[in-house]
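Each residue of the sequence shown is one higher than the one before, counting from 111 in the numbering used here.
A virtual CB, placed ideally from N, CA and C, is assigned to each residue, including glycine.
What follows is a single structure, written as structure tokens, with notes after it.
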Amino acid sequence: MYTRFLPSLLLMIALAISTFSYGQEKETPKGKIFGSIYFDAYTEMNSGYNRSGMEIKRAYFGYKYKLDKNFTAYIKLDIGSPEDLSLESHIKRYAYFKNAGIKYTKDKLTVNLGIIDVLMFTHQEKIWGHRYIAKSYLDAYKFGPKADIGVNANYKFSKYFSMNLGFYNGEGYSKLQNDDTYRLGLGLISHPIKNTTVKAYLDYSKKDIDRIGTFFFVGYKLSHKLSLGAEYNYQFNNNFIPEQDLSGYSVYADYYILPKVQIFARYDNLNSNTTQSGQDPWHYAKDGDRLITGIQYDFRKNLKVAIDYQGWNSHDASKDYIPIIVMNLVFKF
């Protein structure tokens, strides 16, 4: 069903773009190189053993080229350690195309095509605002890949309401399609009052069974000074396994106490259900609560450093509490 639907969807989008762009004035093309580097130094304060180290977990490098006032082409490399490799392999670094696409904007419409960001992450990650310290909730606990091959469109009906629709490969940006599984996403975004965002997002994939995710988010951002966010997420049939659901919530906030000094905090909760054949929740060993709190100093707009405390409390009582002190640094250009 999906494979028959995709060509029609792409054709409709192509025709719409052609119609909107016909007769537009030419604009001088412009290009820009961009990138970012994430550096960590940490020490683990577990009673049994203390681990410490320094690492560059991730680096991004990209190029954006504005063809005219409507079309922009972009490419971004993600250089890091894939999470599906063995622990021994994590000392290596691999480069992937995180993004490689074309963006079209016209009035209230924005369309992206290629290896693109999945829209279910965007608002949460923007309000959290500390990707160099920790991934946003849906990304951290693997509710789905943050970028994927596909097409999405966002239409702003008014300053109060917008909607987006996405059709994706379903395998993520580091894998090619190897089955007939595709992914649909529908997001409804509202701004009922000034500086506030309310979002509901439905994520649907199908293999032998359906995997359905429902994600809800409320955020508030007061210029550069204050950010507040809360989200609740539920995914039915995680990893396409029947009856294995994953759910949880995250709340986070940051506040600039001085022009260049910010304090921030975040609390995550991750839970799974108990299946009919089980005694404990199926994801019990990895369920838990996470606390992040710290202080950030902005040397420049593109150079920030943070000292933070991160703690993980597993719901499995046999596992120790894991407290970590981390220094994080991000440089963007």
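Cβ distance (whole Å) where residue i is taken to contact residue j below 8 Å
i: GLY358; j: LEU336; result: With 8 Å as the limit, GLY358 and LEU336 do not qualify as a contact, their Cβ atoms being about 25 Å apart.
i: ASN438; j: ASP408; result: Their Cβ separation, rounded to whole angstroms, is 13 Å, which puts ASN438 and ASP408 out of contact at 8 Å.
i: ARG376; j: GLN345; result: At roughly 20 Å, the Cβ-Cβ gap does not stay under 8 Å, so ARG376 and GLN345 are not in contact.
i: GLY280; j: SER315; result: 5 Å
i: ALA416; j: GLY398; result: Not confirmed; about 23 Å, so no contact.
i: HIS233; j: LYS142; result: Wrong, their Cβ atoms sit about 24 Å apart, outside the cutoff.
i: ASN343; j: TYR247; result: 7 Å
i: VAL444; j: TYR242; result: Given a span of 111 to 443 for the chain in the structure shown, any question on residue 444 remains unanswerable.
i: GLN420; j: LYS414; result: That pair is no contact at about 17 Å.
Enclosing beta strand (DSSP E) for residue i [first to last residue]
i: GLU341; result: 336–346
i: GLY404; result: 398–410
i: THR220; result: 219–227
i: GLN420; result: 413–424
i: PRO433; result: 432–442
i: GLY211; result: 204–216
i: SER300; result: 293–300
i: ASP378; result: 371–382
i: ALA363; result: 356–368
i: ILE315; result: Position check: residue 315 holds Ser in this sequence, whereas Ile was assumed. Residues 306–316.
i: LYS266; result: 257–266
i: THR385; result: It is not in any beta strand (DSSP E) - THR385 carries neither H nor E in the DSSP assignment.
i: ILE185; result: 181–190
i: ILE322; result: 320–332
i: LEU275; result: 271–278
Residue of the options minimising C-alpha distance to residue i
i: LEU223; options: ARG241, MET230 and ALA210; result: ALA210
i: PHE144; options: ASN160, TYR175, ASP150 and LYS167; result: TYR175
i: ILE225; options: LYS236, LYS213, GLU235 and THR232; result: LYS213
i: LEU294; options: ARG161, ASP397 and ASP258; result: ASP258
i: ALA395; options: SER387, ASP430 and ALA363; result: ASP430
i: SER424; options: TYR270, ASP378, ASP178 and LEU248; result: ASP378
i: ARG168; options: ARG203, MET155 and LEU356; result: ARG203
i: LYS140; options: THR182, THR153 and TYR362; result: THR182
i: PHE374; options: GLN386, SER382, ASN383 and VAL361; result: VAL361
i: ASP313; options: ASN347, GLY388 and GLY339; result: ASN347
i: VAL221; options: VAL261, PHE271 and PHE277; result: VAL261
i: HIS393; options: TYR270, ASN349 and LYS309; result: ASN349
i: VAL228; options: ASP249, ILE351 and ASP217; result: ASP249
i: PRO302; options: THR324, GLN389 and SER268; result: SER268
i: PRO433; options: TYR148, PHE149 and ASN156; result: ASN156
i: LYS218; options: SER272, TYR251, GLY190 and PHE207; result: SER272
i: HIS190; options: TYR148, LYS411, SER387 and LYS331; result: The sequence as given places Gly at residue 190; His does not occur at that position. Among TYR148, LYS411, SER387 and LYS331, the Cα nearest to that of GLY190 belongs to TYR148.
i: ASN305; options: ARG410, LYS331 and THR153; result: LYS331
i: LYS208; options: LEU177, TYR251 and PRO255; result: PRO255
i: LEU356; options: LEU177, THR153, GLN389 and TYR251; result: TYR251
i: PHE90; options: LEU177, GLN389, GLU154 and PHE231; result: What is shown of the chain runs 111 to 443, which leaves residue 90 out entirely.
Cα-Cα separation, residue i to residue j
i: LYS317; j: LEU368; result: 51 Å
i: LYS245; j: ASN264; result: 24 Å
i: GLN354; j: ILE185; result: 36 Å
i: LEU275; j: LEU296; result: 5 Å
i: GLY329; j: TYR365; result: 14 Å
i: TYR173; j: SER428; result: 48 Å
i: ASP290; j: TYR311; result: 23 Å
i: ILE299; j: THR307; result: 7 Å
i: THR215; j: SER146; result: 25 Å
i: ALA151; j: TRP422; result: 18 Å
i: ARG161; j: VAL436; result: 12 Å
i: SER333; j: PHE277; result: 33 Å
i: LYS179; j: TYR270; result: 25 Å
i: GLY163; j: LEU401; result: 21 Å
i: LEU338; j: GLY239; result: 10 Å
i: GLU235; j: ASP426; result: 28 Å
i: PHE171; j: LEU187; result: 5 Å
i: LYS442; j: ALA363; result: 22 Å
i: ILE351; j: THR385; result: 11 Å
i: TYR390; j: LEU177; result: In the sequence as displayed, the identity of residue 390 is Asp instead of Tyr. Taking the straight line from one Cα to the other gives about 55 Å.
i: THR324; j: ILE166; result: 33 Å
i: LYS266; j: TYR206; result: 32 Å
i: ILE237; j: ASN412; result: 17 Å
i: THR153; j: TYR292; result: 41 Å
i: PHE253; j: ARG410; result: 33 Å
i: GLY388; j: ILE319; result: 20 Å
Element boundaries [alpha helix (DSSP H), containing residue i]
i: LYS236; result: 232–238
i: ASP249; result: 247–250
Any non-hydrogen atom of the ligand ZN within 7 Å of residue i CB
i: GLN372; result: Of ligands this structure carries none, so the ligand ZN is not represented either.
CB contact check: residue i to chain B, cutoff 8 Å
i: ASP408; result: Within the model displayed, chain B is absent; a lone protein chain is all it includes.
Could you name each continuous alpha helix (DSSP H) segment of 4 residues or more that falls completely within the stretch 141–171, going from the start of the chain to the end?
none
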